[in-house]
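Engineer: Read in this note's numbering, the sequence shown has 212 at position 85, and its numbers run on one by one without any break. The beta carbon of each residue, even a glycine, is placed where N, CA and C say it ideally should be. Structure incoming, see below.
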Amino acid sequence: MKHKLLKLFLSGTIVVSLTACSSGDTYFSSSSSSSSSTTYPYVRLSPSPPPPKQIEAKPVATEPMLQIWRPGYWYYDGTSFNWVEGQFMNKPEPTAAWTAERWERRAYGWAFVPGHWQ
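Structure, rendered in structure tokens:
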């Protein structure tokens, strides 16, 4: 009985894993052994580097003390890069700082590291 349950569990795990792999979205955990660096939960992979950043005109903030500019960035959807235009975001608190999205070269391809609040 235990062997049948284990076999059933492992079969389900394999099916779920294969389904996740075929979705077109590839994510890897990004971690560091250094306690001083931030750990980002997931990164999106691309086999090629993103195009150069587009030049954007940054508009004037309507509420400069409450908003922060989030620059545009390239997003990879699994087949091609798409430009996401910059925008103002409301700060979660007055002293919050935004670390922008970025692409990093990794051994297994180009990794998209999501932006985050500090």
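Look up leucine 193 in the DSSP assignment and say whether it is helix, strand or coil.
Structural biologist: Numbered from its first residue, the sequence shown carries residue 193 at position 66. DSSP places leucine 193 in coil when its eight states are reduced to three.
Engineer: CA-CA distance, leucine 172 and tryptophan 201?
Structural biologist: Residue mapping note: residue 172 aligns to position 45 of the sequence shown, counting from 1. Residue mapping note: residue 201 aligns to position 74 of the sequence shown, counting from 1. C-alpha separation (whole angstroms): 12 Å.
Engineer: Please classify tyrosine 203 as buried or exposed, where buried requires at least 16 neighbouring CB atoms within 10 angstroms.
Structural biologist: Stepping through the sequence shown from its first residue, residue 203 is reached at position 76. Buried: at least 16 other Cβ atoms inside 10 Å.
Engineer: Quick one: residues in its chain with C-beta nearer than 7 Å to the C-beta of valine 211, no 5 flanking neighbours on either side, listed in chain order?
Structural biologist: Taking the sequence shown and counting its residues from 1, the one referred to as residue 211 is at position 84. So the list reads Gly199, Tyr200, Tyr202, once near-sequence residues are dropped.
Engineer: Just the C-alpha distance for alanine 184 and arginine 233, rounded to the nearest angstrom, thanks.
Structural biologist: For the purposes of this step, residue 184 is identified with residue 57 of the sequence shown, where counting begins at 1. For the purposes of this step, residue 233 is identified with residue 106 of the sequence shown, where counting begins at 1. In a straight line, the C-alpha of alanine 184 is about 31 Å away from that of arginine 233.
Engineer: So, helix, strand or coil for glycine 242, using DSSP?
Structural biologist: The sequence position of residue 242 within the sequence shown is 115, counting from 1. Residue state, collapsed to three classes: coil.
Engineer: Label tryptophan 244 either buried or exposed according to how many other C-beta atoms from any shown protein chain fall within 10 Å of its C-beta, with 16 as the threshold for buried.
Structural biologist: Along the sequence shown, read from residue 1 onward, the residue named residue 244 stands at position 117. That one is exposed.
Engineer: Should alanine 238 go down as buried or exposed, given a rule of 16 or more other Cβ atoms within 10 Å for buried?
Structural biologist: Here the question's residue 238 lines up with position 111 in the sequence shown. Buried, by the Cβ-count rule.
Engineer: Let me make sure I understand the geometry here. Which of Thr222, Gln214, Thr226 has the alpha-carbon closest to that of threonine 187?
Structural biologist: As a first step, residue 187 is located in the sequence shown; it is residue number 60 there, counting from the start. A small correction: the amino acid at residue 187 is valine; threonine does not occupy that position in the sequence shown. The residue among Thr222, Gln214, Thr226 with its C-alpha nearest the C-alpha of valine 187 is Gln214.
Engineer: Going by DSSP in three states, valine 211 sits in which element: helix, strand or coil?
Structural biologist: In the sequence shown, residue 211 corresponds to position 84, counting from 1. Correct three-state label for valine 211: strand.
Engineer: Counting only the same chain and skipping the five closest in sequence on each side, list residues whose C-beta sits under 8 Å from that of proline 174.
Structural biologist: Numbered from its first residue, the sequence shown carries residue 174 at position 47. Same-chain partners within the cutoff: Gly236, Trp237.
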